[in-house]
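Only one structure is covered here, and it is reproduced in the block below.
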Amino acid sequence: MLYALVVTLHIIVSIFLILVVLLQTGKGGDLASAFGGGGTQTVFGPRGTSNVLTKATTTAAVLFMFTSLGLVFLTQSGSRSVIDEVAAPAAAEQSAPRAEPEPQADPATPGERVPAGGAEDPGQETPGK
19 MLYALVVTLH IIVSIFLILV VLLQTGKGGD LASAFGGGGT QTVFGPRGTS
69 NVLTKATTTA AVLFMFTSLG LVFLTQSGSR SVIDEVAAPA AAEQSAPRAE
119 PEPQADPATP GERVPAGGAE DPGQETPGK
């Protein structure tokens with residue numbers, strides 16, 4: 019219920035903000051000032067008193083920011099993060115039982131092939147010789 023109310027308010031404020039910005043006139047945006055014809059203006063343009071449209075723009079912008087923040091807080095689902103969601107399947111994968119690998123024969127047992135070179139390590143002495 020609260021979420022629907024904030025979304026509705028957000029849409030209304032967004033449309034109002036768009037309309038108020040489009041209704042405002044530009045500051046020295048005519049063709050003559052583009053080619054240097056605005057000689058009576060100061061360097062940064064004329065500073066007029068704030069009229070109703072600029073006050074409405076400021077108010078609408080502040081309301082837009084507050085409704086945006088409200089929507090962020092309303093859509094959060096607890097204190098979960100994306101990393102928690104990614105780590106959960108990885109932890110489940112690690113806890114799954116794994117098949118045991120087949121035992122391999124020990125290469126040092128008698129009857130196995132002799133490594134390339136045909137003899138054992140010449141630095142080792144065999145007992146009893």
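Anchor point for the sequence shown: position 114 equals 132 in our numbering, and the numbering is continuous, going up by one each time.
C-beta: ideal position from N, C-alpha, C; glycine also.
Terminal residues of the alpha helix (DSSP H) in which Thr-43 lies
If you number the sequence shown from 1, residue 43 lands on position 25. No alpha helix (DSSP H) contains Thr-43, which DSSP labels as neither H nor E.
Rounded straight-line distance, which links the Cα of Met-83 to that of Val-38
One-based indexing of the sequence shown puts residue 38 at position 20. One-based indexing of the sequence shown puts residue 83 at position 65. Whole-angstrom Cα-Cα distance: 16 Å.
Best match in Val-100, Thr-93, Ala-79 for proximity to Val-25 [C-alpha to C-alpha]:
Numbered from 1 along the sequence shown, position 7 holds the residue referred to as residue 25. Closest option to Val-25, Cα to Cα, is Thr-93.
Go ahead and pull the three-state DSSP assignment for Gln-59.
For the purposes of this step, residue 59 is identified with residue 41 of the sequence shown, where counting begins at 1. Here Gln-59 scores only 48 on pLDDT, less than 50, and its place in the model should not be relied on; the value that follows carries that caveat. Note: Gln-59 maps to coil in three-state DSSP.
To the nearest angstrom, report how far apart Leu-71 and Leu-87 are at their CA atoms.
One-based indexing of the sequence shown puts residue 71 at position 53. One-based indexing of the sequence shown puts residue 87 at position 69. Cα-Cα distance, rounded: 24 Å.
Quick one: what's got a C-beta closer than 6 Å to Phe-175's C-beta in the same chain, skipping five residues either side?
Here the chain has residues from 19 to 147 only, and residue 175 is not among them.
Taking just the CA atoms, how far does Val-90 sit from Val-104?
Looking up residue 104 in the sequence shown gives position 86. Looking up residue 90 in the sequence shown gives position 72. Those two C-alpha atoms are separated by around 22 Å.
Along the chain, where does the alpha helix (DSSP H) that runs through Ser-86 open and close?
Against the sequence shown, residue 86 aligns to sequence position 68. Taken as a continuous stretch (DSSP letters only), the alpha helix (DSSP H) holding Ser-86 covers 70-93.
Inter-residue Cα distance where the pair is Val-80 and Asp-102:
Walking along the sequence shown from the start, residue 80 turns up at place 62. Walking along the sequence shown from the start, residue 102 turns up at place 84. Spanning the two alpha carbons is a distance of roughly 34 Å.
Roughly how many whole angstroms lie between the Cα atoms of Ile-29 and Met-19?
As a working mapping, residue 29 is identified with position 11 in the sequence shown. As a working mapping, residue 19 is identified with position 1 in the sequence shown. Straight across, the Cα-Cα distance linking Ile-29 with Met-19 is about 16 Å.
Note down, in chain order, each residue of its chain lying with its Cβ closer than 6 Å to the Cβ of Leu-27, except the 5 sequence neighbours on either side.
Counting from 1 along the sequence shown, the entry for residue 27 is found at position 9. The residues are Thr-85.
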